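Chains as they are written, first to last, in this note's numbering: chain R, 1 to 345; chain U, 1001 to 1345; chain D, 2001 to 2345.
Each residue gets a CB set at the ideal place from its N, CA and C atoms; glycine is no exception.
Keep in mind that this is a model prediction, so the values were computed, not measured.
Report on the structure given below.
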Amino acid sequence: MPTLGELATTLELELRGDADFTIQRLAPLSAATAFDLSFVSEKKHLGKLSETLAGAVILHPDWAGRWDGNALLSDAPYVSYARATRVFDNHPQRRGGIHERAVIDEGAQLGRNVTIDAGACIEADVVLGDRVWIGAGAYIGHGTRIGADSVIKPNAVICHAVTIGERCIIHPNATIGADGFGFAPSAEGWVKIEQLASVTIGNDVEIGSNSAVDRGALEDTVVEDGAIIDNLVQIAHGVKVGSRTAIASQAGISGSTHIGARCIIAGQVGMAGHLTIADDVHIGGQGRVAGSVTEPGHYSSGTPIQPIRAWLRSASRFTQLDQMARRIAELEKAAGLDQKEDDKA
Amino acid sequence: MPTLGELATTLELELRGDADFTIQRLAPLSAATAFDLSFVSEKKHLGKLSETLAGAVILHPDWAGRWDGNALLSDAPYVSYARATRVFDNHPQRRGGIHERAVIDEGAQLGRNVTIDAGACIEADVVLGDRVWIGAGAYIGHGTRIGADSVIKPNAVICHAVTIGERCIIHPNATIGADGFGFAPSAEGWVKIEQLASVTIGNDVEIGSNSAVDRGALEDTVVEDGAIIDNLVQIAHGVKVGSRTAIASQAGISGSTHIGARCIIAGQVGMAGHLTIADDVHIGGQGRVAGSVTEPGHYSSGTPIQPIRAWLRSASRFTQLDQMARRIAELEKAAGLDQKEDDKA
Amino acid sequence: MPTLGELATTLELELRGDADFTIQRLAPLSAATAFDLSFVSEKKHLGKLSETLAGAVILHPDWAGRWDGNALLSDAPYVSYARATRVFDNHPQRRGGIHERAVIDEGAQLGRNVTIDAGACIEADVVLGDRVWIGAGAYIGHGTRIGADSVIKPNAVICHAVTIGERCIIHPNATIGADGFGFAPSAEGWVKIEQLASVTIGNDVEIGSNSAVDRGALEDTVVEDGAIIDNLVQIAHGVKVGSRTAIASQAGISGSTHIGARCIIAGQVGMAGHLTIADDVHIGGQGRVAGSVTEPGHYSSGTPIQPIRAWLRSASRFTQLDQMARRIAELEKAAGLDQKEDDKA
């Protein structure tokens, strides 16, 4: 367990109070004990300081007057907390070496200090960078290249000819590079379009559990550097996810849609295909994106939950909305209140 | 195949008719033959009795006058049917023992009569209770504890330091305890927040295929006793699912939201983070839950499908709703019909 | 690499131009080089012909006047393109034979030229048709039958007693035949209903990555010939998916709903249980299907994204819709504009 002084050094933060205070663990303000380090991520949480039992707190210098105890002062307290979690990280570490129950094709090229766990299967012509870690039961298809320090978690499947950059994490049961959903309709039924391109993933990308990133038909599906993708997300063939864009759980991006950089796509958002989404666009949860978005900003759609009887009435009236609007226009005309269309916008 | 008399004894139900009737199988009223046992789960299905060919029926004593044939009388016919399915269960049974192609760390502790199938991987410090069954290709991470009689189905992944209670079923390709989606935004991009806590699952919990239950950042994600979770569900970090709550397929619960006991969350519901949902709340399919729900009851949101041309008009008018409401208010004012706000609620 | 003449012969298309032109690859019009073959799938893309660098193009005879270069003329250019992708297919091919690290029960019956990759597990009484390919780490449960030429991709799980037809593809991490979500509520909590039936999948069916098709309680879940199902789709117990129906990513079909033939169900559609959907029904993205659909046609629901402030107003007004409609009726009455209900429909 580090002392507060050691942690201040590691995180390059100003310390106030007892440098020898030994930190047992990180904890939120509400659960922290006198042995724990906590943090204030936003101004709106400052009120909790009066009730916390925390032995030390990371907070912004501007807020230091609100707290008498041990403190680490940070211009970005939430980022400092994120960095502190690394010091307390308790994940199992790569053991190094190849498990005797891993299956590795002779034609695969392995970098230095690669770890391959039991039951993993590495096909021909795979290239693994230094310190790559392939978890138990994971599958790496023919010719796929994975950059240094990347981790493929247990039972994830990376199909053939995929490119993954450095320091990426692909979580359990994710599927990267399976066939995109491409079929041509014909009188004899659907004719499969073989998906001839692949998936290219940049550096520092994280892809969540049970997510699917399909390979492209003629052009690669692309996830750029620093993008983060949550669990159960669908990235269809030919999609491009811009740098540092975040996509939350169960969102789905249809084929050939290009999302810009630094976007935030909330949970269960659905995007149609062949759209262009600008940089710095935020879409709220369950958003229904049927057209391109050319301007940065926050967008949302959907309706809020109501008690079911009230909602049944609202939902029923929704189907009459056009008629209601036309009735309003009639009334305005009768009352001499009709306005130019410009005024109504 | 049991006789009706044997089944009456097993289920502790009153029998009417031929105790020696041999039941070939369970079947719904519409498909049952003269050799089958069927059931009436709700009063509204009583009309089907006049047309069924079933050789025997489970039904409520109050409804007994509607059926002349062989019967098992139950105050809870649907529960009795559920119990009867166990008698006819045809699932493969655990074979007992450790398959020679399973990979088990020396430091794992196995209870009595544990079954571990081919290709399963059990890491160090895992503790498995008596009669636990680990399916083929499943992965159990370091230090994870699984209670007696629980079953982990093929290719499911349970990450490190997870706690699972007794008599649980984790279905194929589910992922329990992967990292929550926690990142701090910084000028250099997203900074990963190591997820230091874990997942605690109670007794008698079932989690569906390809679902994801993430580990907590600082506090455990919790699924309480008797909760049931369907396929492709997302349970984010720090979520709490109360006892006996049911969550249907493709629902997503965002981080730190606490759901009470005995709730029913329908398919594709999306809940924002940091909410509190009371006990006994039912949310209808695709419900958009953006705020806490403090009162028990049934809630819903969304709009119904319409033929596409009609829907395009409704959807377009939706974006003009505020303007329409203000135009109505203007008309009311002009007509001397404007009411106090109280009257409109 | 084939010549244009060879490809014309393979695809049975009329050639115009240089039969000896060697095709390097297939490419979209916008990315094609002078060495590539491209295609025009729809009339609306004809404008791109003036800017493409493609060395040859597949297009409809009616459009031939718009293009001077090498061409393959096809009455169905998109289908011809789909067929051309097979000629350029670069997927790894089945190597034939049983990998020494596969685990196959003695009671399994294997057809001719079956391929079973490393770590796959085949249980007792499985029957695999000729040329079936079971990918690495896939699991095939007891008594399951898979028809000739079908492919089960890595880490997919097919549970016991499932029937899969010929020429099917089940993509990675999909789960077929896990328990349907069936529980009876009781005073002691949920009582599991054992799922006694199974899943029957026809010929020429494709099921996407991380999708779940549950087994039936008393009657099989059925996916008919030629149906195509995308990634992360939920098919609940007792559902029937009609022939040649297409279901896009993240759609969810609740228990016992029967979908007709040739339907197109877009991404994230949610269907309630026990519905009947006619043949040739198209449901738009995120559609909320709460009742049966008896007429063929295109249907949609939902609301479009708006900038968040505008949307907050629309969403708030949605909950007042019934009151707004009643206010309009009052105004109409006051203005002598009230109509018979028939006129408003």
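Would you give the residue range spanned by the alpha helix (DSSP H) that residue i belongs to?
{"i": "residue 333(R)", "result": "321 to 334"}
{"i": "residue 310(R)", "result": "308 to 318"}
{"i": "residue 2080(D)", "result": "2077 to 2087"}
{"i": "residue 2005(D)", "result": "2004 to 2011"}
Of all Cβ atoms in chain D, is any one closer than 8 Å to the Cβ of residue i?
{"i": "residue 1342(U)", "result": "At residue 1342(U) the pLDDT is 48, less than 50, meaning the model places this residue with poor confidence and gives no usable figure here."}
{"i": "residue 10(R)", "result": "no"}
{"i": "residue 88(R)", "result": "no"}
{"i": "residue 1305(U)", "result": "yes"}
{"i": "residue 990(U)", "result": "There is no way to answer for residue 990(U), as the model of chain U reaches only from 1001 to 1345."}
{"i": "residue 1002(U)", "result": "no"}
Quick one: residues in its chain with C-beta nearer than 6 Å to the C-beta of residue i, no 5 flanking neighbours on either side, listed in chain order?
{"i": "residue 109(R)", "result": "127"}
{"i": "residue 2332(D)", "result": "2338"}
{"i": "residue 1206(U)", "result": "1169 and 1228"}
{"i": "residue 1290(U)", "result": "1272"}
{"i": "residue 1060(U)", "result": "1077"}
{"i": "residue 284(R)", "result": "266 and 300"}
Answer yes or no: do residue i and residue j have a C-beta to C-beta separation smaller than 8 Å?
{"i": "residue 278(R)", "j": "residue 294(R)", "result": "yes"}
{"i": "residue 157(R)", "j": "residue 133(R)", "result": "no"}
{"i": "residue 2071(D)", "j": "residue 2084(D)", "result": "no"}
{"i": "residue 307(R)", "j": "residue 1298(U)", "result": "yes"}
{"i": "residue 2147(D)", "j": "residue 2136(D)", "result": "no"}
{"i": "residue 1163(U)", "j": "residue 1200(U)", "result": "yes"}
Check for me: the beta strand (DSSP E) holding residue i runs from which residue to which?
{"i": "residue 39(R)", "result": "36 to 39"}
{"i": "residue 1183(U)", "result": "1183 to 1186"}
{"i": "residue 59(R)", "result": "56 to 59"}
{"i": "residue 2063(D)", "result": "It is not in any beta strand (DSSP E) - residue 2063(D) carries neither H nor E in the DSSP assignment."}
{"i": "residue 2192(D)", "result": "2189 to 2192"}
{"i": "residue 305(R)", "result": "First-last for residue 305(R): undefined, no H or E at that position."}
{"i": "residue 15(R)", "result": "14 to 16"}
{"i": "residue 200(R)", "result": "199 to 201"}
{"i": "residue 176(R)", "result": "175 to 179"}
{"i": "residue 1033(U)", "result": "Premise fails: residue 1033(U) is in no beta strand (DSSP E) and is neither H nor E."}
Return the Cβ separation of residue i and residue j in integer angstroms, given the expectation that the two are a contact with Cβ distance under 8 Å.
{"i": "residue 2074(D)", "j": "residue 2029(D)", "result": "Not confirmed; about 15 Å, so no contact."}
{"i": "residue 296(R)", "j": "residue 281(R)", "result": "6 Å"}
{"i": "residue 1066(U)", "j": "residue 1053(U)", "result": "So it is not a contact: roughly 16 Å between Cβ atoms."}
{"i": "residue 1325(U)", "j": "residue 2334(D)", "result": "Their Cβ separation, rounded to whole angstroms, is 18 Å, which puts residue 1325(U) and residue 2334(D) out of contact at 8 Å."}
{"i": "residue 249(R)", "j": "residue 233(R)", "result": "7 Å"}
{"i": "residue 2319(D)", "j": "residue 314(R)", "result": "6 Å"}
{"i": "residue 138(R)", "j": "residue 113(R)", "result": "So it is not a contact: roughly 18 Å between Cβ atoms."}
So that I know if they touch, is there some Cβ in chain R lying closer than 8 Å to that of residue i?
{"i": "residue 1345(U)", "result": "Any reading at residue 1345(U) must be qualified, since the residue scores a pLDDT of 42, below 50, and its modelled position is unreliable; the value itself is stated next. So, not an interface residue."}
{"i": "residue 2272(D)", "result": "no"}
{"i": "residue 1157(U)", "result": "yes"}
{"i": "residue 1225(U)", "result": "no"}
{"i": "residue 2200(D)", "result": "no"}
{"i": "residue 2231(D)", "result": "yes"}
Note down, in chain order, each residue of its chain lying with its Cβ closer than 8 Å to the Cβ of residue i, except the 5 sequence neighbours on either side.
{"i": "residue 341(R)", "result": "Here the model assigns residue 341(R) a pLDDT of 49, short of 50, so the residue's position is not dependable, and the following value carries that caveat. Here the set comprises nothing."}
{"i": "residue 204(R)", "result": "165, 166, 167, 168, 225 and 226"}
{"i": "residue 241(R)", "result": "222, 223, 224, 227, 229, 235, 247, 253 and 259"}
{"i": "residue 78(R)", "result": "39, 41 and 42"}
{"i": "residue 2064(D)", "result": "2016, 2071 and 2073"}
{"i": "residue 345(R)", "result": "A caution first: residue 345(R) carries a pLDDT of 42, below 50, which makes its placement in the model unreliable, though a value can still be read off. Contacts found: none."}
Do we get a CB-CB distance below 8 Å when we pair residue i with the residues of chain U?
{"i": "residue 2331(D)", "result": "yes"}
{"i": "residue 2192(D)", "result": "yes"}
{"i": "residue 79(R)", "result": "yes"}
{"i": "residue 2135(D)", "result": "no"}
Would the C-beta of residue i count as close to the ligand GTP, meaning under 7 Å from any of its heavy atoms?
{"i": "residue 2246(D)", "result": "As presented, the structure is devoid of all ligands, the ligand GTP included, so that no description of it is given."}
CB-CB under 7 Å to residue i, same chain, minus the five flanking residues each way: which ones, in chain order?
{"i": "residue 219(R)", "result": "197 and 238"}
{"i": "residue 1183(U)", "result": "1190, 1191, 1192 and 1193"}
{"i": "residue 22(R)", "result": "1 and 3"}
Residues from the region 277 to 304 of chain R in contact with chain A, defined by Cβ distance under 7 Å:
The structure shown has no chain A; the protein chains it does contain are R, U and D.
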